[in-house]
Amino acid sequence: MVLSAEFYQRKNVTRIARELLGKTLYTRLNGITTGGMIVETEAYSWKERGCHAYKNRKTPRNEVMFRAGGLAYVYLCYGIHNLFNVVTNVEGMAEAVLIRALEPVGGIGEMVKRTGARTEKRMTSGPGKLTKALGIDRSYNGFNMQSKQLWIEDAGTVVHPRKVMAVPRIGIDYAGEDALLPWRFLLKDNPWVTTLHGK
DNA sequence: TAGAGGATTGAT
DNA sequence: TCAATCCTCTAC
């Protein structure tokens, strides 16, 4: 079942980030479907420094975050990587969930081809890598998440609360105390979650 | 309009 | 530990 606009437009972004674990993100490009189960996410809110929309600062880049939930927010990071988020909350409340890692479930051969990976191992473990595997680039910024090309499904996978870990987010040292918020969610012991420099 | 820096990655 | 790479934002 495709996740509805109502799922995304709820007001608690950390709850949505947690609930997205176990759901499946798909793209369908040129007739080829690729997808993976979400195993790692991060929540971002205008209320904290880690967020592009901190203090409700609206710019051409983050404008999509201010719209009603259920849209894709895709931006270029470090000049190299496309990072994919889903916008949450209602219009005017800038919040989003960054998808950081997937466990491949469909179109694996195509993803290997797109990433140039020798094997499927680690192919979708990392926010920059999974967008490449699924063929997501900035042309999808503002895209509706109930489209025929890009969507998230609830396949009925049950995620036990004890399997969910909440830890600080990655790569936002500039956010000061907000970098310590346990807003990174991942499935414990899942081999597809990111490891950072072996840590 | 210049300059700094980044929600990453992979090689050394 | 470090370079790649280019867009975005801020300050002037």
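Quick note on the numbering used here: the first sequence kicks off at 1350 and runs consecutively. Virtual Cβ for every residue (Gly too), placed ideally from N, Cα, C.
Can you give me the Cβ contacts of residue i inside the same chain, cut-off strictly under 7 Å, excluding the 5 residues immediately before and after it?
| i | result |
| --- | --- |
| TRP1500 | VAL1351, TYR1375 and MET1494 |
| LYS1548 | Bear in mind that a pLDDT of 42 at LYS1548, under 50, signals an unreliable position, so the number given afterwards is only what the model happens to contain. Counting only Cβ-Cβ distances below 7 Å, and skipping sequence neighbours, we find nothing. |
Using 10 angstroms around the beta-carbon of residue i, count the other beta-carbons present and answer buried if the total reaches 16, otherwise exposed.
| i | result |
| --- | --- |
| MET1470 | For the record, residue 1470 in the displayed sequence is Lys; it is not Met. Exposed, by the Cβ-count rule. |
| ARG1511 | exposed |
| ASN1379 | exposed |
| GLY1371 | buried |
| VAL1423 | buried |
| ARG1367 | buried |
DSSP three-state label for residue i, please.
| i | result |
| --- | --- |
| TYR1403 | helix |
| GLU1469 | coil |
| PRO1453 | strand |
| PHE1433 | strand |
| GLY1547 | With a pLDDT of only 43 at GLY1547, under 50, the local geometry of the prediction cannot be trusted, and the value read off the model is given with reservation. DSSP places GLY1547 in coil when its eight states are reduced to three. |
| ILE1501 | strand |
| ALA1421 | strand |
| VAL1362 | helix |
| VAL1351 | strand |
| SER1496 | coil |
Within the same chain, show all residues whose beta-carbon is closer than 6 Å to that of residue i, passing over the 5 residues directly before and after it, in chain order.
| i | result |
| --- | --- |
| LEU1479 | LEU1451 and THR1473 |
| ILE1521 | GLY1399 and ALA1528 |
| ALA1354 | GLY1419 |
| ASP1486 | ASN1431 |
| HIS1401 | ASN1411 |
| LEU1483 | THR1376 and THR1383 |
| GLY1477 | HIS1430 |
| ALA1443 | TRP1395, ALA1402, MET1414 and PHE1415 |
| GLY1491 | VAL1413 and LEU1420 |
Is it the case that the Cβ atoms of residue i and residue j are separated by a distance below 8 Å?
| i | j | result |
| --- | --- | --- |
| GLY1399 | ASP1538 | no |
| THR1436 | LEU1420 | Rather than Thr, the amino acid found at residue 1436 in this sequence is Val. Taking 8 Å as the Cβ cut-off, VAL1436 and LEU1420 qualify as a contacting pair. |
| THR1373 | VAL1454 | yes |
| THR1390 | GLY1475 | no |
| LYS1407 | PHE1415 | yes |
| VAL1362 | SER1394 | yes |
Once the 5 residues before and after residue i are set aside, which same chain residues still bring their CB inside 8 Å of it?
| i | result |
| --- | --- |
| PRO1517 | ALA1528, LEU1529, LEU1530, PRO1531, TRP1532 and ARG1533 |
| GLY1456 | ILE1381, THR1382, THR1383 and GLY1384 |
So what does residue i bridge to, in DSSP terms?
| i | result |
| --- | --- |
| SER1394 | GLU1444 |
| GLY1385 | LEU1374 and PRO1453 |
| ALA1515 | PHE1534 |
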